[in-house]
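Heads up: the sequence lines are chains A, B, C, D, E and F, in that order.
Its first residue numbered 0, the first sequence is counted upward by one per residue in numbering that gives the first Met the number 0.
Its first residue numbered 0, the second sequence is counted upward by one per residue in numbering that gives the first Met the number 0.
Its first residue numbered 0, the third sequence is counted upward by one per residue in numbering that gives the first Met the number 0.
Its first residue numbered 0, the fourth sequence is counted upward by one per residue in numbering that gives the first Met the number 0.
Its first residue numbered 0, the fifth sequence is counted upward by one per residue in numbering that gives the first Met the number 0.
Its first residue numbered 0, the sixth sequence is counted upward by one per residue in numbering that gives the first Met the number 0.
Yeah, the Cβ is synthetic: ideal placement off N, Cα and C, and Gly gets one too.
Remember, predicted model here, so these are calculated numbers, not experimental data.
Structure record follows, encoded as structure tokens.
6 protein chains.
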Amino acid sequence: MWKIGQRGVPYFQRLIAAPFTTLRSLPTSLVETGQNRVIDASLTLIRERAKLKGELVRLIGGAKATTALLGVPLGHNSSFLEGPALAPPHVREAIWCGSTNSTTEEGKELKDPRVLSDVGDIPVQEIREMGVDDDRLMKVVSESVKLVMEEEPLRPLVIGGDHSISYPVVRAVSEKLGGPVDILHLDAHPDIYDRFEGNYYSHASSFARIMEGGYARRLLQVGIRSINKEGREQGKRFGVEQYEMRTFSKDRQMLENLVCINF
Amino acid sequence: MWKIGQRGVPYFQRLIAAPFTTLRSLPTSLVETGQNRVIDASLTLIRERAKLKGELVRLIGGAKATTALLGVPLGHNSSFLEGPALAPPHVREAIWCGSTNSTTEEGKELKDPRVLSDVGDIPVQEIREMGVDDDRLMKVVSESVKLVMEEEPLRPLVIGGDHSISYPVVRAVSEKLGGPVDILHLDAHPDIYDRFEGNYYSHASSFARIMEGGYARRLLQVGIRSINKEGREQGKRFGVEQYEMRTFSKDRQMLENLVCINF
Amino acid sequence: MWKIGQRGVPYFQRLIAAPFTTLRSLPTSLVETGQNRVIDASLTLIRERAKLKGELVRLIGGAKATTALLGVPLGHNSSFLEGPALAPPHVREAIWCGSTNSTTEEGKELKDPRVLSDVGDIPVQEIREMGVDDDRLMKVVSESVKLVMEEEPLRPLVIGGDHSISYPVVRAVSEKLGGPVDILHLDAHPDIYDRFEGNYYSHASSFARIMEGGYARRLLQVGIRSINKEGREQGKRFGVEQYEMRTFSKDRQMLENLVCINF
Amino acid sequence: MWKIGQRGVPYFQRLIAAPFTTLRSLPTSLVETGQNRVIDASLTLIRERAKLKGELVRLIGGAKATTALLGVPLGHNSSFLEGPALAPPHVREAIWCGSTNSTTEEGKELKDPRVLSDVGDIPVQEIREMGVDDDRLMKVVSESVKLVMEEEPLRPLVIGGDHSISYPVVRAVSEKLGGPVDILHLDAHPDIYDRFEGNYYSHASSFARIMEGGYARRLLQVGIRSINKEGREQGKRFGVEQYEMRTFSKDRQMLENLVCINF
Amino acid sequence: MWKIGQRGVPYFQRLIAAPFTTLRSLPTSLVETGQNRVIDASLTLIRERAKLKGELVRLIGGAKATTALLGVPLGHNSSFLEGPALAPPHVREAIWCGSTNSTTEEGKELKDPRVLSDVGDIPVQEIREMGVDDDRLMKVVSESVKLVMEEEPLRPLVIGGDHSISYPVVRAVSEKLGGPVDILHLDAHPDIYDRFEGNYYSHASSFARIMEGGYARRLLQVGIRSINKEGREQGKRFGVEQYEMRTFSKDRQMLENLVCINF
Amino acid sequence: MWKIGQRGVPYFQRLIAAPFTTLRSLPTSLVETGQNRVIDASLTLIRERAKLKGELVRLIGGAKATTALLGVPLGHNSSFLEGPALAPPHVREAIWCGSTNSTTEEGKELKDPRVLSDVGDIPVQEIREMGVDDDRLMKVVSESVKLVMEEEPLRPLVIGGDHSISYPVVRAVSEKLGGPVDILHLDAHPDIYDRFEGNYYSHASSFARIMEGGYARRLLQVGIRSINKEGREQGKRFGVEQYEMRTFSKDRQMLENLVCINF
């Protein structure tokens, strides 16, 4: 997927941006009011889908926690390809592909809705197309995750999306659970630039946002292969525990015996 | 894209269908009520998106008719591949691809929102995932088209979706305009089986549905290359004007001089 | 490769099946007689090919056992793709591809016909095209394997084919050797459904057929990653030793020290 | 498909050729006898398949001429890629692909065995693998075509195969019909080299073989785009009528009004 | 090929640009002197290759004009993909591909060096890697074309390269022939922006550069499908004759009877 | 990439070879003189590029050793595909691809010219196109490597090229350093045939050339998976230490503790 938007304005914001001189004189309140109505309708739709799935799982009964797929088709905060904007339906297709069967190695039956439910995608691209900026878009992602968490026993499994969505997702979990969480982050990169290429919401900056917001109690980054001076400084600044692959053998024992406390 | 659903129930309806014995005893009213809430929320979302786009085009002013993209990511009524369920975002990507520019051969500027606007996709797969059947789903497609038509000067350009959606789309146009319409149908197949492989909503039956519903005054099918006995009989039954490629040279003059009356 | 046959009759059986009303009144004996002549000719051809290869290897002399490739281009018993119907010539092409050389890691020279010979493919698709059903087709596979085994020192290495052919191949080996054999089956699935999607010869049922027929003394299934209740029950019923990957570390020592007795 | 054989002997003849010093001392008669048995068995198999198909078409009745597919998976006489050795099953798959339907533009129903039957492939690669050379192999192709023609009302439609098979196929037709035939050859090349890269049976020499054998009364080559001095001289020598694309407008009228006489 | 350079400096200029603060203090004269030596050596190499090819063609004798391939592997002035930077060797590979033969439709033998010779590529990427900017690079392209033209009877056929190279190539031809030339430009775009996305040497601005430089007497642009206001204004400003596809039928007669005068 | 040259003369040598009878009578001295001028100009160009890069690295200062990329686009000594003739620019593209960043696992910054510099490609194909044979071409490769080594602190990292270039590269290093070197050769094949398919410079013979020339003090070949009788005999003849994968566990300890002496 090409960076279509690079010629100028992102194509999803064309409506507002393109005939700029004309639209600049439009009453802002009108545009904003309309955008808010679209956002509200989007959240209502996600709430209703989560609610129906929650009701059904509860009616069947017996589930303590149900994985609930929530797709976030967002790719514009990637500094390279933007394919993640198209990813969620392809991921679902792979899950249900006829070449595999639905019993997991641990014996779980994925076709049982108490094991795996699906509340669909956030209409990310439609919201962007309406001219909504990333400040508000990221809040929509957070709100959507919370809406799913409100329906017991659903537990959201978010299908990205580029790595920028880690920020609104972790934020939602933290706010919903009532405090900072512990994160085990498996990645070759720390994604902790203050800003990457000037983008506050860059996929390479999501953990800077998470740490700044106080949404993490401990952040363990394991598997780092490519980190530069800024990555190390930001790690130190936020008290991140960074484990690089080149010293993995030394850390392995400790990492394999991590215990999840109080969660 | 594989026919995932062929193993049994379509995967979008798993929730309801999979643990059938359990769910059969669920109170139908509860399921249906939840589904209706999801459908209502979906239509509200489309209405709000169309409304905002319509408001903006009207504010800029000067547009008599604006193409409004409406995506219908639906593929399960295809008897072969179901890729159209994933098509609309790929079509948009091609439209805005950086390898082309945005001025058409006739000099129109596609970046002008008065020329081309976008109201996004109908959440078809999410609605199916909630267990909504095709009777109600097709109505959602019709209603969505009408919602776009309500926002002057938007004119919906529907991005499929397999050919089954011709039925709800034509139906919406006819109902909105107040009577049957004339259709120039360019295709190698007549898509007029009564049912194809038992499917009332098959992509090969959409024009049977259109004719039965009385949504077309004249139906001209041009370019037919593969038609069998049933196709011819159905054509005769509904008074369809079928022009096959093997006799195209004979019909060419007349077809090139078709005049659009009263529209 | 698409499941071409899903529209109705498998395309290889079209001749018999398509104009069903007409052909049903055809004298069965005539059709069956013709089919039997085709089957006999097919087996004769395989016998002659194996015989010539056997004669040559014996003439050169010095070989205790010679791998003899036998292709089985059969894919219709797969519940997903049917590509194995086209596989054997592609496998041969890979074996002799110019990017590799013909000396194995153990120093064997694959170009020496005493190491590797080839008796070609069973004409599976042609036999199916004649309207022969799977009962007789599977017997043709068994007979072909036996014909190769009759030519000392040839040892058939069967190139599939979907997994349904394990049944006729194991059956042939057992019948030829004069009793049930021990099988080390490396697979992520047990392929032991009584029937899969109603298919007695399904690629997912081949080991049920093998066990029912009494062709295995011991069946060790190693590497199982996806097994459901029926798989476990069938395993118990037939006395199969199933080793799953999730407990592999426990079983590893024993499995690495399996000894081949009396063979 | 790579030219696997270029390292030395074609891989299908390895058995005979590889350990040359050893095999050279083998009694030729033994090898030849075995090869002849394989060839006889191959022809018997084709005869039986054609016979059964012919019987069924005659039993249903009413067919004046039935297209009978005969595959010739042969590619080694190509001077470039050898993929045609794998082509016939892929061609059949395309014919029956679910993306198309089985009614032709002229209204023929391909599923009717009186319209289209299939007698399968000649086991070309197996015969080559036995060490049979092209002299005898080409005769097998000719004999196979004749065997199909003997079963009224079957008319062979040969699926190649590189262009070298035009020679044995035309030869068979001519011999069966009792005299030289008229050929309308549509191609960008004349394929009339005496030998191409030393190969008497080259795909670029097939029409030289046809003309030398006296199997054509008239040969019209239409569409020639690439012809050199040898091509023109050979054309003149054999009295071929060569129509090049660069002068097509001049010849078009005549070519469009060719009449088929006495056939 | 991705727009690698978009992260910051084009990678071919990294050496100079990357540690900017350090290099800025380097004595400019030293860098420039070294770059000039590289440019001189590049031109010497092209001169020697053209000279040898010219000598040989003249020695064989009898050629009035010989096509001489000159590759320009340059892609960074494209606003989309930059693949043309890798194109010339792929073009040559296609010319000599074994799937075609070397006689053209008009009977020319491409293997005759008097018909087609090759002087290789300009080392564009190496020159850029040394930090040479486009002002000087474009002069290298012009000089190279002239060097080939100096070797009678060679006529350069330039293999691009994105469309930005039209400018230095036309310039070279004009300067070498001693005056402005007539150009028949077949393209869907006029490539006549003053600057495209700020790039003076953009592939979309090459004909603006040609017209400004006075290198064209007449410029006929035929086949235009996508032109905007700036394209039309620039055309008018420079007296370009623009023929759009939408009115092609009107202009066809005249365009097919263009006569080449005085050339 | 196809073996284009197999039809006769390699296409890069067409000029000399094609009209053989004519050119044979050309004064050899003329051709050779021209070729020598082209070779000299090629080496001058490489010298100038290396010199400029060396000057800059020395000016910035502080580097003890700088990796200097040198591309050798040569593929005709491969016995299979010849794609390596096109490889170097693709390798560079991968190095700078936007999907990765430029900090290595060990913390090196690849964008720093003191870490990684680039002196471009040897114009291998242009030299071959001039009719220069492999004897002289291989010397050009050796000379080019030496030219890079002359610019302290540049250390050439040669980007191939098929494996035949190991010979001229090792030769250059040995000659430059003043004596035979120790080589740790990681490969599945020993590449030590006396000649492979008659080619003295074959990619499968490069280590035979290295050993014959006395350019290696010790040659350790580690990872051998496919070796035949000739490979073993050549190994013995030259005193090569060959470590095969099938006995790797035995040799592992020793190989992991190899110490680099006196280098």
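- Residue contact check for E/Ser-98 against chain D: a CB pair falls below 8 angstroms.
- The C-beta distance from B/Glu-104 to E/Arg-224 rounds to 5 angstroms, short enough to meet the 8 angstroms contact threshold.
- For F/Ala-67, the uninterrupted beta strand (DSSP E) segment begins and ends at 65 to 70.
- Taking the C-beta atoms as reference points, F/His-75 is found nearer than 8 angstroms to F/Ala-84.
- Sequence-distant partners of A/Ser-173 (beyond 5 residues in either direction) whose C-beta falls short of 7 angstroms from its own C-beta, in its chain, are Pro-179, Val-180, Tyr-214.
- DSSP places A/Ser-141 inside the alpha helix (DSSP H), whose first and last residues are 133 to 148.
- Fewer than three beta-carbon pairs drawn from the segment 106 to 115 of chain A and the segment 206 to 220 of chain A are found closer than 8 angstroms, and the two stretches are therefore not classed as touching.
- Around D/Arg-48, the same chain offers Val-118, Gly-119 as residues with beta carbons nearer than 6 angstroms, after the five sequence neighbours per side are excluded.
- Not a single CB atom of chain F sits nearer than 8 angstroms to the CB of E/Asp-132.
- Under the 8 angstroms criterion on CB atoms, B/Ser-163 is classed as non-interfacial with respect to chain D.
- Note that the segment 160 to 172 of chain C touches the segment 134 to 147 of chain C; at least 3 beta-carbon pairs, one per stretch, sit closer than 8 angstroms.
- Flagged as an interface residue toward chain C: F/Asn-227, by a C-beta distance shorter than 8 angstroms.
- E/Ser-116 places its beta carbon 8 angstroms or farther from that of E/Ile-45.
- Neighbourhood of B/Thr-27 in chain E, by CB distance below 9 angstroms: empty, with the nearest CB roughly 54 angstroms away.
- In this structure, the CA atom of F/Met-129 is about 32 angstroms from the CA atom of F/Leu-176.
- Assigned with DSSP and collapsed to three states, D/Pro-155 falls in strand.
- Cβ neighbours of B/Gly-222 within its own chain (closer than 7 angstroms, five residues either side excluded): Leu-185, Asp-186, Ala-187, Met-244.
- Identification of chain B residues near A/Asp-250 by a Cβ-Cβ cut-off of 8 angstroms yields none; the smallest Cβ-Cβ distance measures about 41 angstroms.
- When 8 angstroms is used as the limit between beta carbons, E/Arg-245 is near these residues of chain B: Glu-104, Glu-105, in chain order.
- Sequence-distant partners of F/Pro-155 (beyond 5 residues in either direction) whose C-beta falls short of 6 angstroms from its own C-beta, in its chain, are Ala-67, Leu-69, Val-144, Val-147.
- For F/Phe-79, the neighbours in chain C by C-beta distance under 7 angstroms run, in chain order, Gly-97, Ser-98.
- About 6 angstroms separates the beta carbons of D/Val-123 and D/Val-71, which is inside the 8 angstroms limit, making them a contact pair.
- Residue-level contact by beta carbon holds for E/Glu-54 and chain F, with a gap shorter than 8 angstroms.
- Across the segment 193 to 212 of chain D, no CB contact with chain E closer than 7 angstroms is found for any residue.
- Taking a beta-carbon distance threshold of 8 angstroms, B/Pro-88 counts as an interface residue toward chain A.
- The beta-bridge partner set that DSSP reports for B/Gln-220 consists of B/His-184, B/Gln-241.
- Just so you know, the alpha carbons of F/Gly-60 and E/Glu-149 end up roughly 44 angstroms apart.
- Spatial neighbours of F/Gln-241 in its own chain (CB-CB distance under 6 angstroms, excluding positions within 5 residues in sequence) are listed in chain order as Gln-220, Ile-223, Gly-234.
- Counting C-beta atoms within 10 angstroms of its own C-beta, C/Thr-102 has 16 or more neighbours from the protein chains shown and is therefore classed as buried.
- In the DSSP annotation of this structure, the continuous segment of the beta strand (DSSP E) that includes A/Gly-119 starts and ends at 115 to 120.
- Per the DSSP secondary-structure output, F/Thr-102 pairs in a beta bridge with F/Glu-108.
- Chain F places a beta carbon closer than 8 angstroms to that of E/Lys-50, counting this residue as a contact.
- Within chain A, the residues placing a beta-carbon under 8 angstroms from that of C/Arg-224 are Glu-104, ordered along the chain.
- Between the alpha carbons of F/Glu-125 and D/Ala-171 lies a gap of roughly 51 angstroms.
- Looking at the DSSP output, C/Asn-198 sits in a beta bridge with C/Phe-195.
- Secondary structure note for E/Glu-125: its alpha helix (DSSP H) is the uninterrupted segment 123 to 128.
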